[in-house]
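Residue numbers (mature numbering (1 follows the signal peptide of the UniProt record, and there is no 0)): -21 to -1, 1 to 120.
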(Lines of atoms letter the chains of each structure in order from A and count residues from 1; the text may use other names and numbers.)
(Lines give C-alpha, C1' and ligand atoms only; values in the text may rest on other atoms or scores of the structure.)
Protein backbone atom coordinates (compact mmCIF):
# COMPACT_ATOMS: atom_id res chain seq x y z
CA UNK A 1 0.00 0.00 0.00
CA UNK A 2 2.79 2.45 0.90
CA UNK A 3 4.50 1.73 -2.44
CA UNK A 4 1.26 2.52 -4.25
CA UNK A 5 0.89 5.86 -2.44
CA UNK A 6 4.51 6.78 -3.20
CA UNK A 7 4.02 5.87 -6.87
CA UNK A 8 0.89 8.04 -7.06
CA UNK A 9 2.82 10.90 -5.44
CA UNK A 10 5.59 10.69 -8.04
CA UNK A 11 3.01 10.53 -10.82
CA UNK A 12 1.29 13.68 -9.55
CA UNK A 13 4.60 15.52 -9.19
CA UNK A 14 5.60 14.50 -12.72
CA UNK A 15 2.29 15.73 -14.11
CA UNK A 16 2.74 19.13 -12.48
CA UNK A 17 6.18 19.76 -13.98
CA UNK A 18 6.36 21.90 -17.11
CA UNK A 19 6.59 20.13 -20.45
CA UNK A 20 10.09 19.54 -21.77
CA UNK A 21 11.46 21.82 -24.42
CA UNK A 22 12.99 20.33 -27.54
CA UNK A 23 16.17 21.09 -29.42
CA UNK A 24 15.90 19.74 -32.94
CA UNK A 25 19.27 18.34 -33.98
CA UNK A 26 18.82 18.20 -37.76
CA UNK A 27 16.87 19.90 -40.51
CA UNK A 28 15.21 16.54 -41.24
CA UNK A 29 13.79 16.42 -37.70
CA UNK A 30 12.30 19.87 -38.31
CA UNK A 31 10.93 18.75 -41.69
CA UNK A 32 9.21 15.75 -40.03
CA UNK A 33 7.59 18.04 -37.46
CA UNK A 34 6.49 20.49 -40.15
CA UNK A 35 4.98 17.67 -42.22
CA UNK A 36 3.16 16.31 -39.15
CA UNK A 37 1.70 19.77 -38.65
CA UNK A 38 0.49 20.05 -42.25
CA UNK A 39 2.89 22.60 -43.74
CA UNK A 40 2.88 22.64 -47.57
CA UNK A 41 5.73 20.66 -49.12
CA UNK A 42 6.70 23.55 -51.43
CA UNK A 43 7.32 25.85 -48.41
CA UNK A 44 9.34 23.47 -46.22
CA UNK A 45 12.76 24.82 -47.23
CA UNK A 46 11.68 28.36 -46.32
CA UNK A 47 10.23 27.22 -42.99
CA UNK A 48 13.41 25.31 -42.10
CA UNK A 49 15.51 28.36 -42.96
CA UNK A 50 13.19 30.59 -40.93
CA UNK A 51 13.33 28.27 -37.90
CA UNK A 52 17.12 28.06 -38.12
CA UNK A 53 17.46 31.84 -38.24
CA UNK A 54 14.79 32.69 -35.66
CA UNK A 55 15.29 30.07 -32.93
CA UNK A 56 18.31 27.93 -33.90
CA UNK A 57 15.94 24.91 -33.94
CA UNK A 58 15.03 25.39 -30.22
CA UNK A 59 11.40 25.15 -29.13
CA UNK A 60 12.25 26.92 -25.85
CA UNK A 61 13.87 30.00 -27.43
CA UNK A 62 12.73 33.40 -26.15
CA UNK A 63 13.88 36.86 -27.11
CA UNK A 64 13.00 40.15 -25.43
CA UNK A 65 12.46 43.01 -27.88
CA UNK A 66 13.21 46.72 -27.43
CA UNK A 67 9.47 47.50 -27.37
CA UNK A 68 8.95 45.26 -24.32
CA UNK A 69 7.35 42.38 -26.20
CA UNK A 70 8.83 38.89 -26.26
CA UNK A 71 9.23 36.38 -29.08
CA UNK A 72 8.51 32.76 -28.16
CA UNK A 73 9.42 29.33 -29.41
CA UNK A 74 10.51 27.70 -32.62
CA UNK A 75 8.92 30.37 -34.82
CA UNK A 76 9.64 33.29 -32.42
CA UNK A 77 5.99 34.30 -32.17
CA UNK A 78 5.55 37.79 -30.75
CA UNK A 79 3.56 38.51 -27.58
CA UNK A 80 2.41 41.94 -28.72
CA UNK A 81 0.05 40.59 -31.39
CA UNK A 82 -0.12 36.82 -31.46
CA UNK A 83 -0.14 35.30 -27.95
CA UNK A 84 -1.03 36.26 -24.40
CA UNK A 85 1.57 36.34 -21.63
CA UNK A 86 0.27 34.31 -18.70
CA UNK A 87 -3.14 33.91 -20.34
CA UNK A 88 -4.74 32.75 -23.55
CA UNK A 89 -4.73 35.73 -25.89
CA UNK A 90 -3.53 37.45 -29.01
CA UNK A 91 -4.75 36.72 -32.51
CA UNK A 92 -3.65 33.08 -32.16
CA UNK A 93 -5.65 32.70 -28.93
CA UNK A 94 -2.81 30.89 -27.19
CA UNK A 95 -0.66 31.39 -24.09
CA UNK A 96 2.83 32.51 -25.05
CA UNK A 97 4.27 30.08 -22.52
CA UNK A 98 2.70 27.16 -24.39
CA UNK A 99 4.88 28.06 -27.38
CA UNK A 100 8.10 27.07 -25.59
CA UNK A 101 7.42 23.39 -24.97
CA UNK A 102 8.06 20.42 -27.26
CA UNK A 103 4.48 20.34 -28.59
CA UNK A 104 4.80 22.15 -31.90
CA UNK A 105 1.11 21.87 -32.87
CA UNK A 106 0.01 25.18 -31.28
CA UNK A 107 3.14 26.95 -32.53
CA UNK A 108 2.45 25.65 -36.04
CA UNK A 109 -1.18 26.76 -36.03
CA UNK A 110 -0.11 30.24 -35.01
CA UNK A 111 2.77 30.41 -37.52
CA UNK A 112 0.35 29.42 -40.30
CA UNK A 113 -2.02 32.23 -39.27
CA UNK A 114 0.84 34.74 -39.28
CA UNK A 115 1.94 33.45 -42.69
CA UNK A 116 -1.61 33.67 -44.05
CA UNK A 117 -1.75 37.36 -43.10
CA UNK A 118 1.80 38.50 -43.82
CA UNK A 119 3.75 35.76 -45.59
CA UNK A 120 7.35 35.05 -44.63
CA UNK A 121 8.01 38.80 -44.44
CA UNK A 122 6.52 38.73 -40.92
CA UNK A 123 9.84 37.24 -39.74
CA UNK A 124 12.97 39.42 -39.81
CA UNK A 125 15.16 36.31 -39.59
CA UNK A 126 13.65 35.02 -42.83
CA UNK A 127 14.03 38.43 -44.49
CA UNK A 128 17.72 38.73 -43.61
CA UNK A 129 18.90 35.13 -43.92
CA UNK A 130 16.53 33.32 -46.29
CA UNK A 131 14.85 35.62 -48.80
CA UNK A 132 16.70 35.42 -52.10
CA UNK A 133 19.39 33.18 -50.61
CA UNK A 134 20.22 29.48 -50.97
CA UNK A 135 17.74 27.55 -48.84
CA UNK A 136 18.52 24.33 -46.94
CA UNK A 137 18.68 21.15 -48.98
CA UNK A 138 16.01 18.86 -47.54
CA UNK A 139 15.84 16.44 -50.49
CA UNK A 140 17.00 13.52 -48.32
CA UNK A 141 14.35 14.18 -45.68
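Virtual Cβ for every residue (Gly too), placed ideally from N, Cα, C.
In this structure, residue 33 places its C-beta atom within 7 Å of the C-beta atom of residue 55. Remark: C-beta atoms of residue 48 and residue 57 approach each other more closely than 7 Å. Beta-bridge annotation (DSSP): residue 68 is paired with 73. In this structure, the beta-carbon distance from residue 51 to residue 75 falls below 7 Å. Residue 88 is bridged by DSSP to nothing; it lacks a bridge partner.
Taking the Cα positions, residue 117 is about 14 Å away from residue 4. DSSP places residue 117 outside both helix and strand once states are collapsed to three, so it counts as coil.
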